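Inspection log for the structure reproduced underneath, given as structure tokens.
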Amino acid sequence: MREERVVLAQPVDWAFWLLLALLLGAPIVGRPWLEGVSWSGYLQGFTMMFISILLEAVPFVLLGALLSSMIHIYLQEDVVARMLPRSHWLGLASAALFGFLFPVCECAIVPITRGLVRKGVPVGMATAFLLAVPIVNPIVLTSTYYAFGGAWGVVLLRGVCGFLVAVFVGHYSGRLYQRYNPLRTVGFYEVQDCDCGHVHAHGPVAGGAGHTLSQALLGLLQHTRDEFFEVGRFLILGAALSAGLQTLVPRQWLLSLGQHSLLSILAMMALAYFLSLCSEADAFIARTFVGQFSSGSILAFLVLGPMLDLKGTLLLSGAFEGRFVRQLAMTVTLAVLGVGLLANAFHL
682 MREERVVLAQ PVDWAFWLLL ALLLGAPIVG RPWLEGVSWS GYLQGFTMMF
732 ISILLEAVPF VLLGALLSSM IHIYLQEDVV ARMLPRSHWL GLASAALFGF
782 LFPVCECAIV PITRGLVRKG VPVGMATAFL LAVPIVNPIV LTSTYYAFGG
832 AWGVVLLRGV CGFLVAVFVG HYSGRLYQRY NPLRTVGFYE VQDCDCGHVH
882 AHGPVAGGAG HTLSQALLGL LQHTRDEFFE VGRFLILGAA LSAGLQTLVP
932 RQWLLSLGQH SLLSILAMMA LAYFLSLCSE ADAFIARTFV GQFSSGSILA
982 FLVLGPMLDL KGTLLLSGAF EGRFVRQLAM TVTLAVLGVG LLANAFHL
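Everything in the sequence shown is counted per our numbering, starting at 682 for the first residue and increasing by one.
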């Protein structure tokens, strides 16, 4: 039986090694400013914060990887396409809320979105689905609630702002690409013959004819394992960078940057982009900056990361034309920047 297997190209690995090089190179570059630092105290504080972030985030990442793998393997794009209303605004809103039905993280959302566009779903609705599902889903919102100690305000702000940005950008993209398909004809996603039990495609492949229940379960567990280790690498880097910033950088430096209305937002948006964290775990990183960075910058970090990061940009570039990716990145960045500035202006 012929199966479809999604093969991701190496740029995702390249992004990981780039981040690792930056993390390891930072102490060397900053050596002149590190003289006189109490390394024993630093290492103790770093270790405690690093381990605490991982212990709190890993269960949500594992749960997200399991559910995301189930949907990624068994969900057919036809099902999503049939569920979308034909009305433009209602379709955008429905697509942005599909995360409650299909809680897929940003690591698996790109090939699904590509499949939706190939099935004839309007680009605007597919874009709203792409941007909102990694934020507006029960696992991510639950992890946000847990990370911020039961602060419902943060959960609601993240969910509502993520929904509104996704609908706005989806509407804008739909207007630009109303009569034009931005998909690449050849990209990072290739169809290959595969006779193993490890199925990467979404659709009824893993549980179809010719597969026993044990084979389907094995395929699911293998996909979950691969996705967990894929996003886990970035979680470890993010936790290490966050712990390093909190324990090594002088507090007054962080406060001077973090309390500036515009610069704090830009700094946290850049951090969200380059860390490429999984959306089930980024709230635990964001929480470590509370009290040092403005509320708008924390919100911008929580909204931008699942929508646009280095890893996701590379995946998008393999599935969609460069012009679409650039337009999407610019629109999302400006929209999230506006959300952060409004949050700071109204002291949310």
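We put the beta carbon where it would ideally sit given N, CA and C, even for glycine. These numbers come from a predicted model, not from an experiment.
> When the Cα atoms are used, what is the spatial distance from R799 to G999?
Replying inline: For the purposes of this step, residue 799 is taken as residue 118 along the sequence shown, with counting starting at 1. For the purposes of this step, residue 999 is taken as residue 318 along the sequence shown, with counting starting at 1. So the alpha carbons of these two residues sit roughly 15 Å apart.
> Taking the continuous alpha helix (DSSP H) assigned at D963, which residues delimit it?
Replying inline: Within the sequence shown, numbered from 1, the residue matching residue 963 stands at position 282. Here the alpha helix (DSSP H) through D963 covers D963 to R968.
>> Please report the distance separating the alpha-carbon of S975 from that of G840.
In response: Here residue 975 refers to the residue found at position 294 when the sequence shown is read from its first residue. Here residue 840 refers to the residue found at position 159 when the sequence shown is read from its first residue. In this structure, the CA atom of S975 is about 19 Å from the CA atom of G840.
>> Mapping the DSSP letters down to three states, classify F1027 as helix, strand or coil.
In response: Taking the sequence shown and counting its residues from 1, one reaches residue 1027 at position 346. Coil.
> Which residues in the same chain have their Cβ closer than 7 Å to the Cβ of L773, if we skip the five residues on either side of it in sequence?
Replying inline: For the purposes of this step, residue 773 is taken as residue 92 along the sequence shown, with counting starting at 1. Correct list, in chain order: G805, M806, A809, V848, G851 and H852.
> What's the C-alpha gap between I917 and A967?
Replying inline: Locating residue 917 in the sequence shown gives position 236, counting from the first residue. Locating residue 967 in the sequence shown gives position 286, counting from the first residue. If I take the Cα positions, the gap works out to 14 Å.
>> Let's test the definition: count the other Cβ atoms within 10 Å of the Cβ of H1028 and tell me whether it reaches 16, buried, or not, exposed.
In response: Position 347 of the sequence shown, counted from the start, is the residue given in the question as residue 1028. Burial call: exposed.
> Is it buried or exposed for A1026, if we count other Cβ within 10 angstroms and need 16 for buried?
Replying inline: For the purposes of this step, residue 1026 is identified with residue 345 of the sequence shown, where counting begins at 1. Result: exposed.
> So G977 packs on A924, CB below 8 Å; how close in whole Å?
Replying inline: By one-based count along the sequence shown, residue 977 stands at place 296. By one-based count along the sequence shown, residue 924 stands at place 243. Between A924 and G977 the Cβ distance is about 23 Å, and since that is not below 8 Å, they are no contact.
> With respect to the alpha helix (DSSP H) encompassing F844, which residues constitute its N-terminal and C-terminal limits?
Replying inline: Start at 1 with the first residue of the sequence shown, and residue 844 comes out as number 163. It spans W833 to L857 - the alpha helix (DSSP H) in which F844 sits, taken as one unbroken run.
> Is DSSP giving F974 helix, strand or coil here?
Replying inline: Residue mapping note: residue 974 aligns to position 293 of the sequence shown, counting from 1. The three-state secondary structure of F974, taken from DSSP, is strand.
> Given 8 Å as the limit, is there contact between the segment 936 to 946 and the segment 997 to 1015, that is, 3 or more CB pairs closer than that?
Replying inline: Contact between the segment 936 to 946 and the segment 997 to 1015 is absent, because fewer than three Cβ pairs lie under 8 Å.
> What beta strand (DSSP E) runs, 3 residues minimum, are completely inside the segment 740 to 806?
Replying inline: Here no run is fully enclosed.
> Under a Cβ-count criterion, where at least 16 other Cβ atoms within 10 Å of its own Cβ denotes burial, should M1011 be classed as buried or exposed?
Replying inline: Reading the sequence shown from its first residue, position 330 is the one you call residue 1011. Burial call: exposed.
> Is there at least one non-hydrogen atom of the ligand GTP closer than 6 Å to the beta-carbon of Q896?
Replying inline: Because no ligand of any kind appears in the structure shown, any question about the ligand GTP cannot be addressed here.
> Nearest-angstrom Cα distance between E737 and F965?
Replying inline: Here the question's residue 737 lines up with position 56 in the sequence shown. Here the question's residue 965 lines up with position 284 in the sequence shown. Cα atoms of E737 and F965: separation of roughly 7 Å, rounded to the nearest angstrom.
> Mapping DSSP to helix, strand and coil, what is F829?
Replying inline: In the sequence shown, counting from the first residue as 1, residue 829 sits at position 148. For F829, the secondary structure class from DSSP, reduced to helix, strand or coil, is coil.
> Buried or exposed: where does S768 fall if 16 or more other Cβ atoms within 10 Å of its Cβ makes it buried?
Replying inline: Mapped onto the sequence shown, residue 768 falls at position 87. Looking at its Cβ environment, which holds fewer than 16 other Cβ atoms inside 10 Å, S768 is exposed.
> If we ignore side chains and look at the alpha-carbon of each, how far apart do G843 and A897 end up?
Replying inline: Here residue 843 is taken as the residue at index 162 of the sequence shown, counted from 1. Here residue 897 is taken as the residue at index 216 of the sequence shown, counted from 1. Taking C-alpha positions only, G843 is separated from A897 by approximately 34 Å.
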